[in-house]
Structure formats: structure tokens, C-alpha cells
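Participant: Before anything else, here's the structure in question.
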Amino acid sequence: MDLILTNGMNLVYAVATLALIALGLAVVFGLLGVMNMAHGEFVMLGAFSVYVTQEAGLPILAAVPLALGVCGIVGYCVEWSIVRHLYSRPFDTLLATWGLSILMRKIVEVSFGRDYKSIDQVLPGTVDLFGIAYPSYRLVLLAVIAGFFGLLFIWYRRSNTGARIKAMVSNPPLAAAVGIDTARLARMTFVFGVCTAGLAGVALAPLVRVEPYMGIDYLLSSFFILVVGGLGSLEGLLIGSTVIGGTDAVISTLFAKTSGYMAVLLISILFLWLRPDGLFSRR
Amino acid sequence: MTALLDVNGLSGGYGDVTVVRGVSLAAGSGQAVFVTGRNGVGKSTLVKLIAGQLPAESGTISMKGQDVTALPAHGRRRCGIGYAPQEGVVFDGLSIFENLTLHRPDRDLTRYRELFGQFPRIEERLQQTAGTLSGGEKKILSFCRALAEDTPLVILDEPSEGVQPENIDRMAQFILEAKAAGRSFLIVEQNLTLVEEAADHVYLLDHGECVFETARTDNLRETLSERLQI
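Have a look at this one:
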């Protein structure tokens, strides 16, 4: 029973963190149609924000405004200088953001070095959860992610800004005709997407290896989630995370980590082949 | 006296294809100016240029004396140019309520009270997705949104297309009342009944050029029918 509960919690944790990581790409790719190849690098910037605050002797929470500031400013500049000119040219956007990802990795590498950074444990220890000892930080992280997604879901469904974003995505000319500054709204949406990637980096930094090349894995897993879940809906993001995270966790537990990767890759290929719009596409 | 809307030598189209060539027109306060002509002569392209949906190749567009030619569509809306297009008239994935309120910070439906009185089906289905409406109902929803705005100029592109005759009469009545209150209209329309009911001035387009214009006359329908070779 304890084993089932432990594996179940690990599965929930894997799905939740994957959903958090993929959220930024889901926003930028799903709503704006921009395949942001630098998505993982914004996760990396968030993780390095934790390293910087730790080195400065500040608590991890200080990394949140730092990551938001850095990712927000970089995202704003990238959208304004590069992405906004390429909205109708997806392949060019992909190439441009790929180049950006290399640049961001190299800048961080030059600034902080190539080696792994050691991040102190946050909330060390475990709590008793239905008879099993579960890491405190993971439990807090799960609660924060659940709360964040719940609020985001309600905000997107009910707020005027959520309706404006949906309007901009579905009918840009009409959105402009009713007075919505679609260029500004697209910029803010892009900034929001990269900031959530940065926040994911902050949240995961104490649990993962922090180094300049860490973003590549996150880009791939986020992409697989969107392939399975489809673009343009939070439901798709959560279902995609469940399928990808669940498959990886189960197969890796039963066989080996490599088998888990292969299973995820196989599922993604099958979806691209048989159901290219994913399970919950709104586009 | 400065016209509310003043278009001078406007040309433009799609990419390298010029559709509208050197069109000039004006609309004063409280006037309904109609643009008519056969299919494919550039009527919708003309109003897209004026509303900022397409960039102008040459010419100028002034609103209340201010040159708005270089402004984007949302900037022109803020300068007082409302626009209800011919196609893609509603946000299909949003509810009717959201379609009517998403551009208003207060999300208030009070301004639609009179319109709901004449078009009760809209109010009855506020939570319904707009994409499920018929073509005519979408046109009415688009008309209601444009009319309820506080813009001094309203551009309507084929507002009566697919709309039942009795609802066209109601639209005409709203246009007349708004005119009396000082609002102006630029309307692309082929339905001569609506033109006859509400027009103060009519421009006839052919091959992207203005080939005829007339102020309101007693025999407006006959004049236009003859010109349109109906």
C-alpha cells in the first residue's frame, strides 16, 4: 500500500512539474503560434536566479522577483526586437528563437561557468502523508502548482483580459477593430509565457541539476506535452502532462529510465502521425 | 466646416494588388454616407482601408481634422471610428455576452438596452457561444456592438446581408435615431431599401474608383438602380 501511495505521489509530482514547465510554451506556442525554442533557457534563467540569490545570502523567495524581472525584461526585448516581426512566419520564428537559445546559454556559461551549481535544499525533511514520509518541499510545491493552475484557469475563463486574449487569437482583425491593441496584448502574452517558464525554473532549482544547458530537456518534454495535449487549452496541457509524465514515470519504474524516454518519444510520434492536433486542440 | 471623416485620394489593396484607386469621400456629423456598387468593385476594401484593417498605399484619412492614415486599427477606433466588418463579424469561440463586453472595462450591458428591446433573441442567449448563431444573427450581434459604442463614426460593411427584412427595418430605425443624435455612418450596402431609408449621400464604386455620387434625392432608388444596371 505504501509503495502504491509513494509511486502515486511521485506520479502526481511528475505530472504537476511537467505541466508547470510546459505552461510557458503552451501560452507562447498555443496562443501566439510561436515555437519558442528558447523556452528551456527561460527555465534555466529562473533556476540561475535561485543560484544568484543563494550566493548573495538571500532566501529562495527573493529569486521569484529576480526571475520575473530578468525573464520579463529579456522576454519583452525579444518580443519587441525579434518575435513581433515574425508572427506570420513560424519557421523563421523557430530559427530566430533557436539562435536566441544558443546565445542565452553561452551568455550564462560565460558568466557562471559550465559546471553544475549546487542549490541548497529548501524545506528539508519529510512530512507524514497517509503513513508515508514525503519530502516537505515537494508537497509544498504540489500545493503551489495546484493553486496557481486553479487561479489561472478561473482568470482565463472569467476575466476581461482572458476574453481579450481569446478574441485576439481567434479573430485578430476584429479584435483590433473593437479597440484592442493586439500588438501590445501579444507582447504581454509572450512576456507572461516566459515569466512562467522562469518561475518553473525557480520552483525546480532545489530539485534538479542547475547548469547552462539544462533547458534543452525542458524544451523537449514541453514540446511532447503539447503534441499530445494539443494547443490552446489548459485542459490539453494537463492531459498532455499526465500522458507524458505518467508514461515516463511508469515505464521508468518498471524498466529503466531510457525505456521511459523511448516510450514518450514513441507516443509523441504516434500522436504526430495519427492525431496531429492532439487531444484538446482549440486552434 | 471640417467634415467628421475626410478621405482624400485613397488608394490601397492587398499586397501588390491595388484594389481601391484614388477615392475621396466625406461624412459630416449626423450624416449617413453609403457606398454601393456591384460585387467585387472594392467597397469592402475601401472601408477596410478607412478602418485601418489594410495599409493605405497613398492618400489621406482624417477624423475630426486629425490625420489617422498611419494609425493602426485599434488607434483609429480610439479616434472614434467604429467598425463592423462584412466577414468574421463575431468572435465565434466566445459567448454573446463576451462579444458585447470584452472591449469595455465595465462589462456593462446597460448601453444595449434599447437594442435588446428590438433584437430580444440576442439578450435571451447571452451565455450561448456566438459561433452557434446563424449568419443573420451574427450580423445583428455585430450591428448591436457597433451601435452601442460611443464612437462618433460607425462603419458598417453590408449590415443587412442575410438579415430578415423586418430586422433590416429595425436596423434602419436605429441608424436614423443615431443620426438624429449626431452620429455619423459610413455604410457599404447593396440593399437599396436600406440606402433609400437612411442615406444622406451615396457614392457608387466601380473598378475601385468612385464613378458617381449623389446627395439624397426623391428618386434615389431609381437613380442608383439605373447606375447599377439592376
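In order, the protein sequences belong to chains A and B.
Just so we're aligned: 972 in the numbering used here is position 123 of the first sequence, and the numbers increase by one with no gaps anywhere.
Just so we're aligned: 114 in the numbering used here is position 104 of the second sequence, and the numbers increase by one with no gaps anywhere.
Yeah, the Cβ is synthetic: ideal placement off N, Cα and C, and Gly gets one too.
1. Using the Cα positions of residue 1064/A and residue 1091/A, report the straight-line distance between them to the nearest angstrom.
2. By alpha-carbon positions, which one of 1085/A, 977/A, 988/A and 944/A ends up nearest to residue 1137/A?
3. Measuring alpha carbon to alpha carbon, tell me which of 115/B, 98/B and 191/B ends up nearest residue 151/B.
4. Taking C-beta pairs closer than 9 Å, name the residues in chain B that residue 1013/A reaches, listed in chain order.
5. With 9 Å set as the bound, which would you pick, yes or no: does the beta-carbon of residue 63/B sit closer than that to a beta-carbon of chain A?
6. For the beta strand (DSSP E) containing residue 890/A, name the first residue and the last one.
7. Drop a sphere of 10 angstroms on the beta-carbon of residue 926/A, count the other beta-carbons inside from all chains shown, and report buried for 16 or more, exposed for fewer.
8. Do you know how far the Cα of residue 215/B is from the Cα of residue 1128/A?
9. Assuming residue 28/B and residue 22/B are in contact, meaning their beta carbons sit under 8 Å apart, how far apart are those beta carbons, in whole angstroms?
10. Just checking my contact of residue 1071/A with residue 871/A at CB under 8 Å: how many whole Å lie between their CB atoms?
11. With the cut-off set at 9 Å, would you say residue 1042/A and residue 898/A are in Cβ contact?
12. 9 Å is my cut-off, CB to CB: does residue 1031/A come that close to chain B?
13. What would DSSP say about residue 965/A, mapped onto helix, strand or coil?
14. Are the beta-carbon atoms belonging to residue 968/A and residue 896/A less than 9 Å from one another?
15. Near residue 1045/A, which residues of its chain fall below 8 Å by C-beta distance, leaving aside the five closest residues on each side in sequence?
16. Nearest by alpha-carbon distance to residue 908/A: which of 971/A, 1112/A and 1006/A is it?
17. How many Å lie between residue 991/A and residue 181/B at the Cα?
18. For chain A, check one thing: does any of its Cβ atoms lie closer than 9 Å to the Cβ of residue 104/B?
19. For chain A, find out if any of its Cβ atoms is closer than 9 Å to the Cβ of residue 168/B; answer yes or no.
20. Which residues in the same chain have their Cβ closer than 7 Å to the Cβ of residue 237/B, if we skip the five residues on either side of it in sequence?
21. To the nearest angstrom, how far is it from the Cα of residue 1026/A to the Cα of residue 92/B?
22. Compute the Euclidean distance between the alpha carbons of residue 69/B and residue 196/B, then round it to the nearest angstrom.
23. List the residues of chain A that residue 24/B touches, going by C-beta distances under 8 Å, in chain order.
24. Looking at residue 1077/A: is its Cβ nearer than 9 Å to the Cβ of residue 1117/A?
25. What number of angstroms, rounded off, separates the C-alpha of residue 884/A from the C-alpha of residue 933/A?
26. Whose CA, out of 1069/A, 1120/A and 920/A, lies closest to the CA of residue 1110/A?
27. Using a Cβ-Cβ cut-off of less than 7 Å, list which residues of the segment 1015–1026 of chain A approach chain B; keep chain order.
28. How close, in whole Å, do the beta carbons of residue 154/B and residue 35/B come, if the pair is a contact with beta carbons under 8 Å?
29. Using beta carbons (cut-off 9 Å, strictly below), is residue 879/A in contact with chain B?
30. Tell whether a beta-carbon distance below 9 Å holds between residue 194/B and residue 56/B.
31. Measuring only the C-alpha atoms, how far is residue 224/B from residue 41/B?
32. Which residues of chain B have a Cβ atom closer than 7 Å to the Cβ of residue 1028/A, listed in chain order?
33. Got a sec: is the Cβ-Cβ distance from residue 94/B to anything in chain A below 9 Å?
34. Ignoring anything shorter than 3 residues or poking outside the segment 166–210 of chain B, list the beta strand (DSSP E) runs there in chain order.
35. For residue 858/A and residue 1005/A, which I take to be in contact (beta-carbon distance under 8 Å), what is that distance rounded to the nearest angstrom?
36. Spell out whether any CB of chain A is found under 9 Å from the CB atom of residue 101/B.
Facilitator: On the basis of the coordinates in this document:
1. 21 Å
2. No statement about residue 1137/A is possible, as the shown extent of chain A runs from 850 to 1132 and does not include it.
3. 98/B
4. 112 and 113
5. yes
6. Where residue 890/A is concerned, there is no enclosing beta strand (DSSP E), although the alpha helix (DSSP H) it sits in stretches over 888–904.
7. exposed
8. 48 Å
9. Yes, they are in contact, since the Cβ atoms of residue 28/B and residue 22/B sit about 7 Å apart, within 8 Å.
10. Rounded, the Cβ-Cβ distance is 4 Å, consistent with contact.
11. no
12. yes
13. Reduced to three states, the DSSP call for residue 965/A is coil.
14. With contacts defined by Cβ atoms closer than 9 Å, residue 968/A and residue 896/A form a contacting pair.
15. 869, 872, 873 and 876
16. 971/A
17. 55 Å
18. yes
19. no
20. Within the same chain, residue 237/B has close Cβ partners 214 and 222.
21. 7 Å
22. 18 Å
23. Within chain A, no residue comes near residue 24/B; the closest Cβ sits about 13 Å away, beyond 8 Å.
24. yes
25. 13 Å
26. Checked all of 1069/A, 1120/A and 920/A; the closest Cα to residue 1110/A is 1069/A.
27. 1015, 1016, 1019, 1020, 1022, 1023, 1025 and 1026
28. No, residue 154/B and residue 35/B are not in contact; Cβ-Cβ is about 26 Å, not under 8 Å.
29. Residue contact with chain B for residue 879/A: absent (no Cβ-Cβ distance below 9 Å to any residue of chain B).
30. no
31. 14 Å
32. 84, 87, 88 and 113
33. yes
34. Considered as a whole, the segment 166–210 of chain B harbours 194–198 as its complete beta strand (DSSP E) runs of no fewer than 3 residues, in chain order.
35. That pair is no contact at about 28 Å.
36. yes
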